[in-house]
Amino acid sequence: MPGATPNETFAAVDLGSNSFHMVVASLDNEQLRIIDRLRERVAIAEGLDENDRLKPKVQERALACLERFGQRLAHMPPSSVRVVGTNTLRRMREARSFISRAQAAIGRPIEIISGREEARLIYLGVTHAHADDSRRKLVIDIGGGSTECILGEGHEPLETDSLQMGCVGYSLRFFPGGEITQERMQKAQIAAGLELQGLARRYKRLGWESCIGSSGTIVACEEMVRGAGWSSAGLTEKSVRKLRNALVDAGHFERVSLPALQSDRAPVLAGGVAILSAVFKILDVDVMRASPGALREGVLFDLLGRLRHEDVREQTIRSFARRYNVDLEQAGRVERTVLNLLEQVREAWELSSSAHQRLASWAARLHEIGLGIAYSGYHRHGAYIVDNSDMPGFSRQDQELLALLIGSHRRKPERADFDALPSEAQLVAIRLCALLRIAVRLHRSRAPRGAPALRLYARREQLRLEFDGDWLSLHPLSRADLEEEVSQARALGLELSVS
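Using numbering that gives the first Met the number 0, the letters of the sequence shown correspond one by one to residues 0 to 498.
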């Protein structure tokens, strides 16, 4: 397998709203074989206060869990591990400080993924867990803070939706104090039904042949109805109704007594069952079978795809270029030049990571997508498109960084935009932006010829650009552009000289 060696291990960590999960797998005959799993109920969704700030006690609980996970991952190379955060980390206000501490605890960068990206990865994990992947399928994942709905065929999702309802949030909202009544259950189910109404017609029109559920709530519910003898063939509308009635009859989560019910699942079971009941009713589901695959398995397979040079992010970049009619020849010229500049300063400016190369390449290939809206301010239009579109494969952090580079590749850059980044990303962004701006200016004429022979030297906040012979005097437009860039670079805190 290109990019991976036999017996190499890979790990995916899913920082969910209810539980933190880690799965470790080894590569065996080009197949991933699970060799270790860790799960801890951290319940960060319960730890958000009324202003969506994470309470100190819950922060410490989460960080302690991540330190334990980090010990398991300590020997693994960076390229073989991915850590993703979901709904609660998306919602959390003032999250930067916590995420910085969390990354230090686990010893890995944490990617915050969008709801649709979460849905895509869930679908990837589910489809790889099932031998028959040809039929059209509906996949439902009830998490702690959100519910993902995906309709797909084979390994390709056709529709992806992330709904703001989860077992933790609904349990806190509709079953405060753990009390379960018929009235509260009905209100929770109606609220979930209203969320589902927005996608029901779209999904039913396309149709599906099988329904699969993933993650803790659905897996636990299937185990409970099977243990109670209510269904031996997955979850059915009748078995889910019996489960719902059993919770109401118990009256409180502490009095619920069902086979296979784990103690840490009980406090959030009522909210999950209410959502599950609404799924069966609104989407007219007959049978739902639980899957062993979920988000963390999807992250593993996506990571493996990157190592196989099947990176979905590359597909996304190509798709955006086609959609917005990017001039591919011009984008290619700028890309080759910015990568040449990057190679010359990679050591001096500490830009030697493959991630830096990818980001520079993507920014060059998409720097003109805003032209599809209007020439005036097209850099800002491009930044808006990238920042606000669904970009499969991209974390929110990478998407925001890419948008910043595109939005700053011309006119005077705003230093405040860079200062708003996490401290560890600011210097990288400034340096990549400087290289992209030079590459764009060198190709302003859009001439088919390549960039001139040049040398670039870097030292901290200094850049020196040298051209052979009398090239600058023979290209007065480029010389004027570069002289202007000397002035603009100061806005980024850089001193650029051209000779």
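Backbone N, C-alpha and C define an ideal beta-carbon position, used for all residues, glycine too.
Cβ of residue i within 9 Å of any chain B Cβ
{"i": "Glu309", "result": "Here chain B cannot be found, since the structure has a single protein chain."}
Continuous beta strand (DSSP E) stretch holding residue i: start and end
{"i": "Gln30", "result": "30-40"}
{"i": "Ala61", "result": "That residue, Ala61, is in no beta strand (DSSP E); its alpha helix (DSSP H) goes 55-72."}
{"i": "Leu493", "result": "Here Leu493 belongs to no beta strand (DSSP E), and DSSP marks it neither H nor E."}
{"i": "Leu137", "result": "135-141"}
{"i": "Met21", "result": "18-27"}
{"i": "Asp13", "result": "8-14"}
Local conformation of residue i per DSSP, three classes
{"i": "Lys241", "result": "helix"}
{"i": "Glu346", "result": "coil"}
{"i": "Phe174", "result": "coil"}
{"i": "Tyr323", "result": "coil"}
{"i": "Ala438", "result": "helix"}
{"i": "Arg107", "result": "coil"}
{"i": "Glu484", "result": "helix"}
{"i": "His366", "result": "coil"}
{"i": "Gln356", "result": "helix"}
{"i": "Asp386", "result": "helix"}
{"i": "Leu257", "result": "coil"}
{"i": "Lys411", "result": "coil"}
{"i": "Asp160", "result": "strand"}
{"i": "Arg81", "result": "strand"}
{"i": "Leu420", "result": "coil"}
{"i": "Glu93", "result": "coil"}
{"i": "Glu515", "result": "A query on residue 515 cannot be resolved here, the shown segment of the chain reaching from 0 to 498 and no further."}
{"i": "Met0", "result": "No answer about Met0 holds up, because its pLDDT of 44 lies below 50 and its placement is not dependable."}
Environment of residue i [buried if 16+ CB atoms lie within 10 Å]
{"i": "Phe308", "result": "The sequence shown places His at residue 308, not Phe. Looking at its Cβ environment, which holds fewer than 16 other Cβ atoms inside 10 Å, His308 is exposed."}
{"i": "Pro1", "result": "Its pLDDT being 47, under 50, Pro1 is placed unreliably in this model, and the coordinates cannot settle the point."}
{"i": "Tyr202", "result": "buried"}
{"i": "Tyr237", "result": "The sequence given here has Lys at residue 237, not Tyr. Lys237 should be labelled exposed."}
{"i": "Pro412", "result": "buried"}
{"i": "Pro156", "result": "buried"}
{"i": "Pro291", "result": "exposed"}
{"i": "Ile281", "result": "buried"}
{"i": "Arg436", "result": "buried"}
{"i": "Trp361", "result": "buried"}
{"i": "Ile34", "result": "exposed"}
{"i": "Ser113", "result": "buried"}
{"i": "Pro175", "result": "exposed"}
{"i": "Pro266", "result": "buried"}
{"i": "Glu117", "result": "buried"}
{"i": "Lys136", "result": "buried"}
{"i": "His378", "result": "buried"}
{"i": "Trp470", "result": "exposed"}
{"i": "Ala277", "result": "buried"}
{"i": "Ser394", "result": "buried"}
{"i": "Glu484", "result": "buried"}
{"i": "Asp283", "result": "exposed"}
Alpha helix (DSSP H) segment containing residue i, residue limits
{"i": "Arg443", "result": "It is not in any alpha helix (DSSP H) - Arg443 carries neither H nor E in the DSSP assignment."}
{"i": "Leu400", "result": "395-406"}
{"i": "Leu150", "result": "Unbroken run through Leu150 is the beta strand (DSSP E), 146-152; no alpha helix (DSSP H)."}
{"i": "Tyr122", "result": "114-127"}
{"i": "Thr87", "result": "86-90"}
Q | Inter-stretch contact at 8 Å, needing at least 3 Cβ pairs: the segment 25-33 / the segment 108-123 | A | no
Q.
Count Cβ pairs between the segment 187-194 and the segment 266-286 that sit closer than 8 Å; are there 3 or more?
A. yes
Q.
Across the segment 80-99 and the segment 39-49, are there enough close Cβ pairs to call them in contact, namely three or more that are closer than 8 Å?
A. yes
Q.
Runs of 3 residues minimum, wholly inside the segment 173-239: which ones carry the beta strand (DSSP E) assignment?
A. 209-213
Q: Can you check the segment 266-316 for any alpha helix (DSSP H) of at least 4 residues that lies completely inside it and give the ranges in chain order?
A: 268-281, 294-306
Q. When the Cβ atoms of the segment 402-421 are set against those of the segment 335-344, are three or more pairs found closer than 8 Å?
A. no
Q.
Within 8 Å, do at least three Cβ pairs link the segment 341-361 to the segment 422-431?
A. yes
**Q.** Complete runs of the alpha helix (DSSP H) confined to the segment 447-486 [at least 4 residues]
**A.** 470-473
**Q.** Meets three-Cβ-pair contact criterion under 8 Å: the segment 300-314 and the segment 412-422
**A.** no
Q: Check whether the segment 106-115 touches the segment 128-144, taking contact to mean three or more Cβ pairs, one atom from each stretch, closer than 8 Å.
A: no
Q: Evaluate contact between the segment 218-231 and the segment 170-183, counting only Cβ atoms and requiring at least three cross-stretch pairs below 8 Å.
A: no
Q: Taking 8 Å as the threshold, find out whether the segment 59-69 comes into contact with the segment 7-20 through three or more Cβ pairs.
A: yes
(Q) Contact between the segment 316-335 and the segment 360-374 is defined here as three or more beta-carbon pairs at a separation below 8 Å; is this criterion met? (A) yes
Q | Inter-stretch contact (C-beta, 8 Å, three-pair minimum) for the segment 195-215 and the segment 139-159 | A | yes
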